[in-house]
Amino acid sequence: DFALSGIYSLTNKPSQLTAKLTDFNENGLRPFLESALAGRKLVSVAVDGTASAQRNPDGDSAVKADLQVTNLVVNDPAQQLPATPLEARVQLDAGLAKQIADVRDLQITLTPTQRAKNQFQLQGRVDMSRTNAMQGNLKLTADSLDLTSYYDLFTSTNKSSAKPGARNKTQGGAVTPAPEQATAAVTNQLPFKKFTVDANVREFYLREIAATNFQTTVLVDGSHVLMKPFQLTVNGSPLRATADVDMSVPGYKYALTFNATNVPFAPLWNTFKPDQKGEASGTLSANMDVKGVGTTGESLQKTLAGNFDIGTTNLNLDVSKIHSKTLRDIVEFVANVPDFFGPNGISAVEKFGVRAVGRSVGKPSGGLSDDVSRSPIDVITARGTAGDGRVTVQQAVMRSSVFEADVTNGTVKLAQELTNSPINFPVSIYLNKSVAQRVPYLSSANASTNSDYVKIPDVYVEKGTLGEPKPSINTKALGKDVLQQLIPGVGGGTNSSGNLLQGLGGLLHGGSNTNQPAPNQIGTNPPPANNQSPVNNLMNRFLGK
């Protein structure tokens with residue numbers, strides 16, 4: 007039922023109107039709400055409310071409203087929503103005099119939880135006396151808010167059915183860029199002039215995120231929007247950010263900063279990636295300062311500039327659960343190090359390249375797969391700059407107790423379609439000393455006495471594009487290193503001539519290399535069948551391949 011009564015004057019006399027809404031239920035709301043419920047079905051809801059307005063052209067006007075939503079129940083096939091009906095109530099008391107609105111009290115009350123009272127207030131004044139330039143100040147305050155149930159109501163936790171790369175592609179696998187849509191400049195400023203909104207929330211909860219002392223101020227002045235400060239404490243650690251946006255520039259001109267120190271990572275991961283809950287832990291620290299215009303590849307090529315420094319520690323990330331293809335490639339490379347640096351290394355590289363195509367989440371293969379799988383990733387960091395149409399990764403590290411992978415001066419050359427941006431990440435691999443000792447043909451000469459890791463020769467580069475990264479192994483460098491291990495003295499140095507002659511003699515007559523590990527060592531390759539000369543393996547490797 008809907009009822010409207012009152013007196014409305016067509017002249018400059020006082021008017022008074024009263025509206026009443028009774029039992030507006032699920033039958034009336036279902037067509038409007040279900041499209042936003044992420045595949046869930048609206049079972050029941052009741053909306054009731056009253057509102058009254060008084061208008062006096064020669065004096066003060068007032069509006070009062072009280073709207074209640076009760077018995078909100080949604081059928082969730084995944085049974086992830088609570089069965090307890092949700093409620094909400096909105097109460098408004100505002101006045102208007104000489105085109106100045108006085109929001110005496112706008113109060114919103116949600117279903118309370120064990121963590122929060124779920125009630126917040128908005129108060130302030132809005133001056134509408136100037137055409138297209140409202141001035142004012144609004145202040146939002148709350149003691150404690152827990153928005154988990156309402157967030158879950160409109161957020162799907164199901165994995166997307168859309169497959170990556172569903173957009174048009176060229177024969178080479180690159181995404182065909184969509185035609186650039188010209189963004190018209192905002193010739194008319196926003197209808198606000200020095201309009202500020204302040205927010206203060208003592209406690210805020212969202213799934214596993216527990217934040218305190220949230221404070222922000224947003225200033226809107228024409229086409230200029232400034233958010234400063236934006237600060238809160240997330241699960242006991244500080245987080246700060248600022249945003250400065252000029253919407254009069256096509257695509258929007260922006261300057262953004264972000265700073266977080268030792269923020270617990272698991273609550274963030276589990277809250278925003280519930281389908282991957284429990285896959286990561288540890289802490290997150292980040293510093294970012296970037297400027298640019300627009301978000302398309304073409305605009306970022308010309309305008310993106312800044313720096314970033316992101317680090318995570320104690321992640322405890324299972325390598326089989328890594329979703330980044332670039333990181334999966336690195337893990338797979340490490341697992342295959344014994345095969346790459348063995349007599350049949352070229353063949354192993356070929357097989358590795360085949361496996362890299364379409365590789366999905368799962369356990370890596372190769373001689374060190376068990377070691378790598380048993381040792382979760384503890385550290386992932388990245389530090390770099392942006393400018394001149396590219397992003398430079400000055401240093402990035404991925405580390406577990408078995409290996410460390412370092413990228414130094416890697417580059418991303420921004421393309422008009424960002425997923426087509428070429429990447430070049432030279433990757434240096436370090437193996438734990440105890441693991442490196444079990445790898446044949448791998449010298450420990452690069453081991454530092456103060457380090458737990460041994461550096462293997464630099465033969466690996468991650469190339470391709472952001473959308474389709476591809477591993478690349480320098481087989482020439484790989485072969486040279488193995489040859490140096492088989493024939494001591496090739497690399498030069500003291501007594502190199504004698505070592506070279508002895509090594510050649512061993513190769514020609516099938517003799518064993520004194521530096522080669524025992525056949526029964528874990529992770530080693532067996533000696534050549536029928537005591538064949540290693541020359542035969544080298545011939546197959548370099549001439550045959």
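Residue numbers (our numbering): 7 to 551.
Think of the CB as a built atom: it goes at the ideal place given N, C-alpha and C, for glycine as much as any other residue.
Put simply, of Asn313, Pro382, Pro344 and Lys283 the residue whose alpha carbon is nearest the alpha carbon of Asn322 is Pro382. In this structure, the CA atom of Pro244 is about 6 Å from the CA atom of Leu238. Within the same chain, Lys104, Gln105 and Ile106 come within 8 Å of Ser135 by CB-CB distance, once the 5 residues on both sides are set aside.
Shown here, Gly65 sits in coil according to DSSP, grouped into three states, outside any helix or strand. Under DSSP, Thr24 shares a beta bridge with Ser11 and Ser58. Between the segment 141-153 and the segment 201-208, the count of C-beta pairs closer than 8 Å reaches three or more; the two stretches touch.
Contact check for Ile435 against Ile336 passes: the beta carbons are separated by less than 9 Å.
Ala392 counts as buried, since at least 16 other C-beta atoms from the protein chains shown sit within 10 angstroms of its C-beta. Pro280 carries a helical assignment under DSSP once its states are collapsed to helix, strand and coil. Under DSSP, Val80 shares a beta bridge with Leu48. Under the three-state reduction of DSSP, Ser379 is assigned to helix. Nearest C-alpha to Asp152 among Lys200, Ala216 and Gln85: Ala216. In the structure shown, Phe314 falls within a strand segment according to DSSP collapsed to helix, strand and coil.
Around the beta carbon of Val360, a 10 Å sphere encloses fewer than 16 other beta carbons of the protein chains shown; the residue is thus reported as exposed.
Close CB contacts of Asp29 within its chain, under the 7 Å cut and outside five residues either way in sequence, are with Asp7, Ala52 and Asp54 (chain order). Leu374 counts as buried, since at least 16 other C-beta atoms from the protein chains shown sit within 10 angstroms of its C-beta. The continuous stretches of beta strand (DSSP E) do not include Ser41, and DSSP gives it neither H nor E. For Lys234, there is no enclosing alpha helix (DSSP H); the enclosing beta strand (DSSP E) has its first and last residue at His230 to Val240. Two segments are said to touch when three or more pairs of C-beta atoms, one from each, lie closer than 8 Å; by this definition the segment 250-270 touches the segment 282-294. Only residues of its own chain outside the window of five on either side were considered, and among them Ser50, Val51, Ala52 and Val53 have a CB closer than 8 Å to the CB of Asn31, listed in chain order. Remark: C-beta atoms of Tyr466 and Pro477 approach each other more closely than 9 Å. Cβ-Cβ separation between Phe198 and Met253: approximately 11 Å, too far for a contact (criterion under 8 Å). Asn143 is bridged by DSSP to Arg131 and Thr202.
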